[in-house]
Structure formats: structure tokens, C-alpha cells
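I have placed the structure first, in the form of C-alpha cells, so that the comments after it can refer back to it.
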Amino acid sequence: MTTVGPTSTTVGVEEPKPPAQPTRAGRDHVSFRDWMTGAALLLPTVVMVLAVALYPVLRSVWMSFRNTSPILREDNFVGVANYGQLLADEGFRNAWLNTLWFTAVSTLIETLLGLGFALVLNHPFRGRGWVRAVVLIPWAIPTVVTSRMFGFLLDGQSGVVNYLLLQVGLIDAPINFTGDVRFAMGTIIMADVWKTTPFMALLILAALQSVPPSLHESAAIDGASSWRRFLSITMPMIMPALLIASLLRALDAFRIFDLPYVLTGGGPADSTEVLSTLSYKTLFSGSQYGLGSATTVLMFLTEAAIAALFAIWIARRFKILEG
Amino acid sequence: MGEDALSRRGFIKLGGGALGALVFGSSLAACGQGSAGGSNPAASSGRKVINFVTAKFESTTSMQDFVKPFNDSSSSYQVVVRELPPPSQSTEVHQQLVQQLGAASGDIDVFTQDVIWPAEFASAGWAMDLSSEFPQAERDKFFPGLVQSVTWQDKLVGLPFYLDAGQLYYRKDVLKDKGMKVPTTWQELATSAKALQGSGDIKNGFLWQGKQAEVLVCNVVSFVGGAGGAILGPDGKTVMIADQPAQTAIQFMYDTMNSLNITPKDVLSWDEEPSRKPFTAGNAAFLRQWSYVWKVSQDANQSQVVDKVGVAPLPHFPGGKSAACLGGYQLGVSESSKNKEGAVEFLRWMTSLDTQIRYAELFGSNPALRSAYADPRLAKVSPAMVQLKDVFEGGTPRPITPKYPQVSLAIQSAVSKALTTGDVAGNLAKVKSEIEKIVST
């Protein structure tokens, strides 16, 4: 996010014309002094970005090749030993797969549900503005609070959800939502869907509003059904934005931390252990800085791969659209 | 149309740029260097400063006010308090201590530490050896389990301050109605719990904590200890988690939820509070918990069972004895301290009878000093606390090793697997070799 900074600064620098040199001709020509001023004004931003973004990243990569531990007073270069240890470790592979599974399923559900929400919210109806605001509430609640809330709601002994399901007769015995390996990850995905669908709905709604109504009107005159119009006009028009939104969501979902950390602690039986909780435990409980850094680097590489996949998909989408 | 596509493409480009930054900025920025934040207010009237870094314990009194009597009476030293996060954020407290002690800047003289950290800090060379300052006779004044937990390689590397211990809460009204005795073995507890549940007198027989978290290790220490076993031997190297006593204990934990059916499987995601609530709501006969539950259970605003609760040492298996997992914060002196004489004098004051009782009064914590429990002033502060002396005498430390955090994580994962799958022997054998690898390096 920080790279947005320099762009806005440059815009600010180049606009005012220096009054000291009125004779200088050509609007495109930038004098050396102007260039220096620009560079000087940019410098603090560049330094800041390097200090807060690039330095920690490079340091993490550097640490991932070391066995740094303040407790054991060790800090040696160990090559790729940390990576070897991680790839051979069942716990890491399990967390990696859990994270991918969580990312894929939650992103898919949130995108589809978000699309549904957005289509409804794009239609004029009474109190639409109010509903649009209300829909955002789950997203505005801090995740730790959401986690606690779901903990109370889904409790096997006193939870409202089990009570209602029992009353309606859908189940015979309370479901152990967070304490059963079969349900724990599903419960976390459900909580995340509840929380983040509004965010997706909002992004997709913005895309829907860029679809010109005239297209729909002319298609309707030609006799296209609303389903046909949705498939042939709406979907192609919003597809790039939809993909971008899913990409944003997937990258964010990959870093899931608070929900499993508060709700299940990674359990039962490691079934909700994800890479963020695992690296937190390695780094801050175990003080194994080298191994923990290697975990975050592998996390970063996986995220980069996800982003690349989406990028290829989006680029191909564009070729179809343009060509 | 053309213009529309262009603007969308612009949007996408911008989005892509922002995205790149997002990925870079967020997923990797995990390892920062903490600052040691060493403010060092000058001592007034030439007294030497003792920097006391402590977790922020919950009380209406501040720690700085608490140490005022020491400051008022001492002509040569002055204690300056610096607070860390509260004990509930124990990982953050640990992290800050690691950074500040590791910096060895002399900014810390005395610190408070969770009962599971002394071996770690001592092996890193951050804790002063207090052996000669506090000979055996002095150490015997504290509960033995606590002294064990601040002892590393036969050296005293900390001093007990206050403690907590796992204990058995029971519904004395229900037990009395049925003419049942307070159980002293797990078999007795299982029989009573099953009978009470079967007759419909109470919903849950017995509650404990099985969430894959530190609290699970505390439960394991109590059950395994009660069978005469341990996670690690006293040498800190011999792994005993796959031995027969441990197998018996973990199997019993599994059985409570399965063959015995006295515990709901919900405990697999419960830590302290979710397990406390059904008990104080009157829905459980027995509960394994810390001492804070006593106060809650006697508060009519939060509890349906006021005056109906009893506390006893946790049961044990035949041939074993009750093992209460120890908690609480202890004191330590930094090896890099420039004022060790002052630090030791402050430690003596903190663990004196008067200070211990005053601390119990103002912070509600159980004194580490045994003699406090015979003092009528403590009975006045809390009659219940005095009765806990037997529980505390049987206090059992968690494994004492500098690698404790890693050992704990391995136990959490393996026992959680054993409890969900029922494969006790397989998972314990596996975690045994894992822990052997951890403690051997």
C-alpha cells in the first residue's frame, strides 16, 4: 500500500511552474534544478518505503537462512536447512494445505454470495441506501470480537445455534462446531464468510454500477431474457473487476489469523492450524526466528504464486475482451 | 465503449500496483526489532535506582504504589516500576522480556516471569544465580514445586512470588444429597459423575480444558502427574510422555468423553472460561480449574451455585498422588543488572511475610510463602485461600527446560490428536521422539 505514496508526491511537485525562470521555453523540458527539487522532495518517501517495506522483507529472507535464536544464543548461517526442516515437517505441510483449502473455499463462497448481494443491492427498492449501509456491519466488527461472538453462538452447551437447530428438529444432539475435527475448519470458513461477504458485495456492486444501462435496454428490446442479459452483458462487463476482487480476497484470506487463533487455537488435532498461526507460534512462542522467518518466506512465495495465477487469468480475460 | 475499457484497464493497473505492495508489506514484515525503551528516571536524593519490569497484574493498586513502603523505608535504593502487558497476553510479555533481557543493556534489574520461563532465561544467561543469596533453608520457606520451577541445573535462578494451581471444584450440595464422598481418585470421580449424570441430577459429570492451547498442557501435567508420570524427567532430557503412567492418564482423558461419557466433547475447544460457565450455571458436578473460579462462584451476579461449591486437591490414579499444575509469576534478577545488591534486597522485601500478605490483599494472588497461610491476616483476606495450602503443597511444575515453548506446542498438538482420534499410544510415541529431538539440541 505504501507505494501509492510517491505517485501522489510527484504530482504535487511537478505542477507549480517556478516563477524564477519565466524565459525557459518548452513545457516538457525539466531543468536540472527542478529535477533536483523533485528528487529531494521524493527522497523522504523513498527512504520511508525502503525502511518500512523493503528492509523487513529482506531481513526476513536473510533470517530464514540462519538459526537465530536469542534463547540458545545462536546466530549462524545454515543455508537452506530451515526450508528442509519445514518441507519435511508434517505440521507445516498440514498448515499449508489447511491455509490453501481455507483460501480457496472461503474466496469462492464469498465471491458467489457477494455477487448475489451486489445484484440485489443494484436493484432500486425502498430503503436501499439503508440496507447497503447495514450490510457492511459484519465487516466493520473487529475479527477478535467476531471470533468470540461465534464462540458463544456455536457453543455445544449453551449456544443459540444448537438450541435453534434442536428446537426445529434438524439435529438430535448438539453439534460440536469448534471441537470436532470434521466441523472446525468449516466453522471458521463460515465465520469468515459471514464477516467478509459484505466487502466482496461492495466491490462487485461498484463494478455493476459501471455497466451502462443502455446496453441492457437495447438487449431487452431485441428480446433477450434477463438471464441471457446477465450472462452476455453483466458478467463479461464485470468479470475483470470480479477477478481483481477475488484476488484481493484470496490474498487476504491466505493470511487468516485471528479467527482460528481465538476460536480454536489451531486445534482440535491441528485441523485449523494455518500458516499465520503456525509462524506466530514459531516466532513468538518458540523464539525460533530463523525457522519462523522461513515459514513466512514460504507463505510469501505461495501468495506470489496465487497472485501470478490470477494475473495470467486476468490478462487472458483482457485479450478476449479487447481482441 | 473504447473509453470504458481504457478506464477499467487503468483501474486494474492501479489495483495491481497496490496489490504488489500489499503482498510485500504484509506477509513478510513479521520480524521487527523491538526497542528496549529504557527510560531511566534519575533517583532522587542520590539513591540507587532498581528498575523493576513487571507484567501488569490486575488490581486497583498500581505496582508503583505497591512498592512505595520499600521506597519510603530504604535510604539507599529506589524502585522504579516499568509495566509490560498483562499476564493474559503472556506471549507478548515473554517477547518483550526476551528483547529487553537479550539486549543486556542493564535497563532491567528485577523482573517478573511466568512460572514456565526461568529455565529458558537462565540458559540464555540472562538470570542472576541467586543460590548463594538464598541457601536451602531460605528456599524451604516456599512451596517446593515453585522452588523447583525456578531452579535450573542446580542453580537458583529466580525466587517464588505468587502461585496458582489446578484444583478440583465440586458441588458439595449435590454430593451431600447423594451421600457421596469428595473423590480422591479418578475412578471415584468417574463413578460419582456417572451416577449423578445417569440419575439426571446434573447435566455434565466432569469438565476440564482440552483446547489445543497452553491450558491443555496444564491438564496433561495434572493427569499424568496423578498417575506418577511426567512429560520430562527431572534431568530435563529424559522424555517420559510415552511411558505407562502417561498412557494411562491420557487414555483416561479420552475415556471421560467416550466410554465413561462423563465429559462432553465440547471440552476439546474449551479453555478456562467456556468450561467455567456451565459449572457456575449449575450444570456440572466436577470441574478442574484455577483458583480464580472460587471468587466467581461465590458472586451471585455471575453464579447460580453460591455456597454450594467445594474445593479439593485434584484426584489421582491408584498408587499416584494429587498433582496440581503450577501457574503464577515469579521474580528474577537480570544478569546484566548494575545494581545486584539492591535487586536482592528488593527480592527479600517482596517475599517477606508482610509484603506477601499485603500483595494477596491488594492483588488477590496466592502467596508463595508457606508461612503466610498460618497467619491470621491471610485468613481475613480470604478464608478460601488458606484452605488451598494442601493443593499448593502438591503443586507440580510443567517441564523444566529452556526449550519449554517448543515442548509445549508439540504436546498440545499430539495430545489433541490423541484425544480426537483415540490413538493414544501412537501419538504419544510420535511426540516422544519429537520432544527428544527438541531437548537434545
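Protein chains in written order, with my numbering: chain A, 33 to 355; chain B, 9 to 449. Virtual Cβ for every residue (Gly too), placed ideally from N, Cα, C. All of these numbers come straight from a predicted model, not from anything done at the bench.
Subject >> Own chain residues within Cβ distance below 7 Å of B/Gly-42, not counting five before or after >> reply: As a first step, residue 42 of chain B is located in the second sequence; it is residue number 34 there, counting from the start. Any reading at B/Gly-42 needs caution, since the residue's pLDDT is 35, under 50, leaving its predicted position unreliable; the model's value is listed next. Only Gln-104, Gln-107 meet the Cβ criterion.
**OP:** Name the one or two DSSP bridge partners that B/Pro-375 has.
**Re:** Along the second sequence, read from residue 1 onward, the residue named residue 375 of chain B stands at position 367. The partner list for B/Pro-375 (beta bridge, DSSP) reads B/Tyr-170.
Subject >> Helix, strand or coil at A/Glu-106 [DSSP, three-state] >> reply: Translated into positions along the first sequence, residue 106 of chain A becomes position 74. The answer is strand: DSSP assigns A/Glu-106 an E or B state.
Original post:
If we count the other Cβ atoms within 10 Å of its Cβ and call it buried at 16 or more, is B/Asn-435 buried or exposed?
Top reply: The residue labelled residue 435 of chain B in the question sits at position 427 within the second sequence. By the neighbour-count rule (16 or more Cβ atoms within 10 Å), B/Asn-435 is buried.
Subject >> N-terminal and C-terminal residue of the beta strand (DSSP E) that B/Phe-287 is part of >> reply: Along the second sequence, one-based indexing puts residue 287 of chain B at 279. That residue, B/Phe-287, is in no beta strand (DSSP E); its alpha helix (DSSP H) goes 280-288.
**OP:** State buried or exposed for A/Ile-169, treating a residue as buried only when at least 16 other CB atoms are found within 10 Å of its CB.
**Re:** Indexing the first sequence from 1 puts residue 169 of chain A at position 137. So A/Ile-169 counts as exposed.
Original post:
Excluding the five sequence neighbours on either side, which residues of its own chain have a C-beta within less than 6 Å of the C-beta of A/Thr-100, listed in chain order?
Top reply: Here residue 100 of chain A refers to the residue found at position 68 when the first sequence is read from its first residue. Same-chain partners within the cutoff: Asp-107, Tyr-321, Gly-322.
Original post:
Got a sec, what are the start and stop residues for the beta strand (DSSP E) B/Phe-294 sits in?
Top reply: For the purposes of this step, residue 294 of chain B is taken as residue 286 along the second sequence, with counting starting at 1. 292-297 is the span of the beta strand (DSSP E), which, as asked, contains B/Phe-294.
**OP:** Give the straight-line distance between the Cα atoms of B/Gly-336 and B/Thr-159, rounded to the nearest whole angstrom.
**Re:** Residue numbering aside, residue 336 of chain B sits at position 328 when the second sequence is read from its first letter. Residue numbering aside, residue 159 of chain B sits at position 151 when the second sequence is read from its first letter. Approximately 15 Å between the Cα atoms of the pair.
Original post:
Residues of chain B with a CB under 7 Å from the CB of A/Lys-313: which are they?
Top reply: Against the first sequence, residue 313 of chain A aligns to sequence position 281. Near A/Lys-313 (Cβ distances below 7 Å), the residues of chain B are Leu-417.
Original post:
Hey, does B/Thr-99 have any beta-carbon neighbour from chain A nearer than 8 Å?
Top reply: Position 91 of the second sequence, counting from 1, holds the residue named residue 99 of chain B. Yes, B/Thr-99 lies at the interface with chain A (some Cβ there is under 8 Å from its Cβ).
Original post:
Should A/Thr-309 be labelled buried (16 or more other beta-carbon atoms within 10 Å of its own) or exposed?
Top reply: As a position in the first sequence, residue 309 of chain A is number 277, starting the count at 1. When all chains shown are included, A/Thr-309 counts as buried.
Original post:
Taking the continuous beta strand (DSSP E) assigned at B/Tyr-177, which residues delimit it?
Top reply: Within the second sequence, the letter at position 169 stands for residue 177 of chain B. Where B/Tyr-177 is concerned, the enclosing beta strand (DSSP E) stretches over 175-179.
**OP:** Would you kindly work out how many angstroms separate the C-alpha atoms of A/Phe-231 and A/Tyr-312, rounded to a whole number?
**Re:** On the first sequence, residue 231 of chain A is found 199 positions in, with the first residue counted as 1. On the first sequence, residue 312 of chain A is found 280 positions in, with the first residue counted as 1. Approximately 26 Å, taken between the alpha carbons.
Original post:
Can B/His-324 and B/Gly-234 be called in contact, C-beta distance under 8 Å?
Top reply: Counting from 1 along the second sequence, the entry for residue 324 of chain B is found at position 316. Counting from 1 along the second sequence, the entry for residue 234 of chain B is found at position 226. Cβ atoms of B/His-324 and B/Gly-234: closer than 8 Å.
**OP:** Hey, could you find the ends of the alpha helix (DSSP H) B/Leu-252 is sitting in?
**Re:** For the purposes of this step, residue 252 of chain B is taken as residue 244 along the second sequence, with counting starting at 1. One detail in the question is off: residue 252 of chain B reads as Gln in this sequence, not Leu. Counting along the chain, the alpha helix (DSSP H) containing B/Gln-252 begins and ends at 252-265.
Original post:
Going along the chain, which residues of its own chain have a beta-carbon closer than 6 Å to the beta-carbon of B/Phe-129, five neighbours each way excluded?
Top reply: Mapped onto the second sequence, residue 129 of chain B falls at position 121. Same-chain partners within the cutoff: Ala-135.
Subject >> Exposed unless 16 or more other CB atoms sit within 10 angstroms - verdict on B/Gln-121 >> reply: Numbered from 1 along the second sequence, position 113 holds the residue referred to as residue 121 of chain B. So B/Gln-121 ends up on the buried side.
Original post:
Got a sec: is the Cβ-Cβ distance from B/Ser-277 to anything in chain A below 8 Å?
Top reply: What you label residue 277 of chain B is simply residue 269 of the second sequence in a count that begins at 1. Yes, its Cβ sits closer than 8 Å to a Cβ of chain A.
Original post:
Identify the residues that DSSP records as bridge partners of B/Lys-56: which are they?
Top reply: Indexing the second sequence from 1 puts residue 56 of chain B at position 48. Its beta-bridge partners are B/Tyr-85.
Original post:
For the stretch 276-304 of chain B, which residues have a CB atom closer than 8 Å to at least one CB atom of chain A, in sequence order?
Top reply: Leu-276, Ser-277, Trp-278, Asp-279, Pro-282, Lys-285, Pro-286, Ala-289, Asn-291
Original post:
Between the Cα of B/Val-155 and the Cα atoms of B/Lys-388, B/Leu-355, B/Gln-338, which residue gives the shortest distance?
Top reply: If you number the second sequence from 1, residue 155 of chain B lands on position 147. Among B/Lys-388, B/Leu-355, B/Gln-338, the Cα nearest to that of B/Val-155 is on B/Gln-338.
Subject >> Nearest residue (CA-CA) to B/Gly-403, options B/Ser-207, B/Phe-78, B/Val-87, B/Ser-230 >> reply: Counted from its first residue, the second sequence places residue 403 of chain B at position 395. The option with the nearest alpha carbon to B/Gly-403 is B/Ser-230.
Original post:
Relative to the C-alpha of A/Val-243, which residue among A/Ala-233, A/Asp-254, A/Arg-261 is closest?
Top reply: One-based indexing of the first sequence puts residue 243 of chain A at position 211. Nearest option by C-alpha distance: A/Arg-261.
Original post:
Taking Cβ positions, are B/Ile-210 and B/Val-182 nearer each other than 8 Å?
Top reply: Along the second sequence, read from residue 1 onward, the residue named residue 210 of chain B stands at position 202. Along the second sequence, read from residue 1 onward, the residue named residue 182 of chain B stands at position 174. It is a contact, given that the beta carbons lie within the stated cut-off.
Subject >> A/Ser-96 in three-state terms, based on DSSP >> reply: Translated into the one-based positions of the first sequence, residue 96 of chain A becomes position 64. In this structure, A/Ser-96 counts as coil in the three-state DSSP scheme.
Original post:
Going by other Cβ atoms of all chains shown within 10 Å of its Cβ, with 16 needed for buried, is A/Ser-246 buried or exposed?
Top reply: Here the question's residue 246 of chain A lines up with position 214 in the first sequence. By the 10 Å Cβ count, A/Ser-246 comes out exposed.
Subject >> As assigned by DSSP and simplified to three states, the class of B/Tyr-69 >> reply: Taking the first residue of the second sequence as position 1, residue 69 of chain B is located at position 61. For the record, residue 69 of chain B in the displayed sequence is Thr; it is not Tyr. The answer is coil: DSSP assigns B/Thr-69 none of H, G, I, E or B.
Subject >> Coil, strand or helix - B/Phe-151 by DSSP >> reply: Against the second sequence, residue 151 of chain B aligns to sequence position 143. DSSP places B/Phe-151 in coil when its eight states are reduced to three.
Original post:
Using a Cβ-Cβ distance under 8 Å, would A/Arg-105 count as near chain B?
Top reply: Within the first sequence, the letter at position 73 stands for residue 105 of chain A. Yes, because at least one Cβ of chain B sits closer than 8 Å to the Cβ of A/Arg-105.
**OP:** Work out the CA separation of B/Ala-127 and B/Ser-344 for me, nearest whole Å.
**Re:** Walking along the second sequence from the start, residue 344 of chain B turns up at place 336. Walking along the second sequence from the start, residue 127 of chain B turns up at place 119. Going by the C-alpha atoms only, they are around 17 Å apart.
**OP:** Consult DSSP for B/Glu-444 and reduce its assignment to one of helix, strand or coil.
**Re:** Locating residue 444 of chain B in the second sequence gives position 436, where the first residue counts as 1. Three-state result, B/Glu-444: helix.
Subject >> Pairwise C-alpha distance: B/Pro-410 and B/Trp-125 >> reply: Within the second sequence, residue 125 of chain B is the residue found at index 117, counting from 1. Within the second sequence, residue 410 of chain B is the residue found at index 402, counting from 1. Rounded to whole angstroms, B/Trp-125 to B/Pro-410 spans 8 Å at the Cα level.
Original post:
Considering only residues of the same chain and omitting the five flanking positions on each side of B/Ala-250, which have a CB-CB separation below 6 Å?
Top reply: Against the second sequence, residue 250 of chain B aligns to sequence position 242. Answer for B/Ala-250: Leu-436, Ala-437, Lys-440, listed in chain order.
Subject >> When B/Phe-371, B/Ser-373, B/Leu-396 are compared against B/Ala-382, the one with the closest alpha-carbon >> reply: Walking along the second sequence from the start, residue 382 of chain B turns up at place 374. Out of B/Phe-371, B/Ser-373, B/Leu-396, B/Leu-396 has the C-alpha closest to the C-alpha of B/Ala-382.
Original post:
Is the Cβ of B/Pro-410 closer than 8 Å to any Cβ of chain A?
Top reply: Your numbering for residue 410 of chain B matches position 402 in the second sequence. Taking Cβ atoms only, chain A reaches closer than 8 Å to B/Pro-410, which makes this a yes.
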